[in-house]
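Here the sequence shown stands for residues -24 to -1, 1 to 259, numbered as in mature numbering (1 follows the signal peptide of the UniProt record, and there is no 0). Every residue gets a Cβ at the ideal spot worked out from N, C-alpha and C, and that includes glycine. These figures come from a predicted structure and were not determined experimentally. I have placed the structure first, in the form of structure tokens, so that the comments after it can refer back to it.
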Amino acid sequence: MNRPVPSLLFSGMLLLFSVCTAVAQKLTLVWQTDTVFRVPESVLIDPARKVCYVSNIDGGPGEKDGKGFISKISPEGKVLNLQWVTGLDAPKGMGIAGPHLYVADLFQVAVIDLASGKIVRRIDVPDAKFLNDITVDKADRVYVSDSGTGKIHRIQGDKAILYFESPLFQRINGLLAQPEGIYVADVGNGALYCLKEGKDLVKVSDVATGGNDGIVPVGKQQFIVSCWPGEAYFVDAQGKSHALLDTREQKLNCADVEYDATRKWLYVPTFFGNRIMTYTFQK
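Have a look at this one:
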């Protein structure tokens, strides 16, 4: 008669462990800016200068209109210079290499001098249709994704060279250079891939049904992947995805996110929400 009790107790412990595991990762809102931005697509931390950059499309994401700009804000969200760099079209992903900020700007990569805020050159990307994200590897090599063609290009001097393409890609977006390779988030099929040094493409996770945008590292082979409609997911080292955020009902997008590993802050540009929302990430 007493034998079922340990079994029930063990089952209860398993259930409790499962619940604890399921809620272990979460995001808690810390602060948000006013709606001063104009279609903010990406946030990038500049640790050397202790500022953050925000790319503002200010119009349609595919419009070549010259209205786009880059804002400079403090890490705590204070606007230091709303229109620090102007004259862009539809700026999206950004990356820092040496003294320059590289910006994916529709059909070109804009190169900005970090000291002056001046655009020093524009690099045409062959047959570009919708440049979207940028990443920089440990050797300061710059890569840019084209969501319109499914190609990844590498910047070499003043030229963009085709680096990789695959029939597995549907509509690539986010890029993240890591020691083991370049991670690629696919908007179309919701997958997260890793492109190894030898150009072997490995699927890491089926993050969501679609809409993948930015990728940030939050641990060894652990990531947060944002989904543009308004979601964010934690991807563990085994490739399993766990829902962290859903602001779709509030009509707040979750575009190209940034992560401060020291503070454990996740910066979320809300696109049509015109604000930056920052969350504490708890693993």
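Under the three-state reduction of DSSP, which class applies to Phe248: helix, strand or coil?
The answer is helix: DSSP assigns Phe248 an H, G or I state.
By the DSSP assignment, the beta strand (DSSP E) with Pro193 in it spans what residues?
Asn188 to Gly195 is the extent of the beta strand (DSSP E) around Pro193.
Taking the alpha-carbon positions, what's the Asp134 to Ile49 distance?
Straight-line Cα distance between these residues: approximately 29 angstroms.
Please check the pair Asn188 and Gly150, which I expect to be a contact at CB under 8 angstroms, by giving their CB distance rounded to whole angstroms.
The pair is a contact, with the Cβ atoms about 6 angstroms apart (cut-off 8 angstroms).
Check Gln258 in the structure and name its three-state DSSP category.
Correct three-state label for Gln258: strand.
Measuring only the C-alpha atoms, how far is Lys175 from Phe140?
If I take the Cα positions, the gap works out to 8 angstroms.
Can you tell me which of the three DSSP states Pro23 falls into?
Reduced to three states, the DSSP call for Pro23 is coil.
From Val180, Leu3 and Phe13, pick the residue whose C-alpha is nearest to that of Pro245; which is it?
That would be Phe13, whose Cα lies nearest to the Cα of Pro245.
Does chain D have any CB closer than 9 angstroms to the CB of Gly126?
No chain D appears in the structure shown, which is made up of a single protein chain.
For Ile95, which residues of its own chain have a beta-carbon under 6 angstroms away from its beta-carbon, when the five flanking residues on both sides are left out?
Cβ neighbours of Ile95 beyond the five flanking positions: Ala86 and Ile88.
Determine the DSSP secondary structure at Ser217, reduced to helix, strand or coil.
Of the three classes helix, strand and coil, the one that applies to Ser217 here is strand, per DSSP.
I'd like to know whether the C-beta atoms of residue 260 and Thr4 end up nearer to each other than 9 angstroms.
Missing from the structure shown is residue 260; the chain here goes from -24 to 259 and no further.
Ile72 lies in the beta strand (DSSP E); which residues open and close that run?
Start and end: Pro67 to Ala73.
Beta carbon of Gly190, beta carbon of Asn165: below 9 angstroms?
Against a cut-off of 9 angstroms, the Cβ pair of Asn165 and Gly190 comes out as no contact.
From Gln59 to Pro16, what distance separates their C-alpha atoms?
Near 12 angstroms, if we compare the C-alpha coordinates of Pro16 and Gln59.
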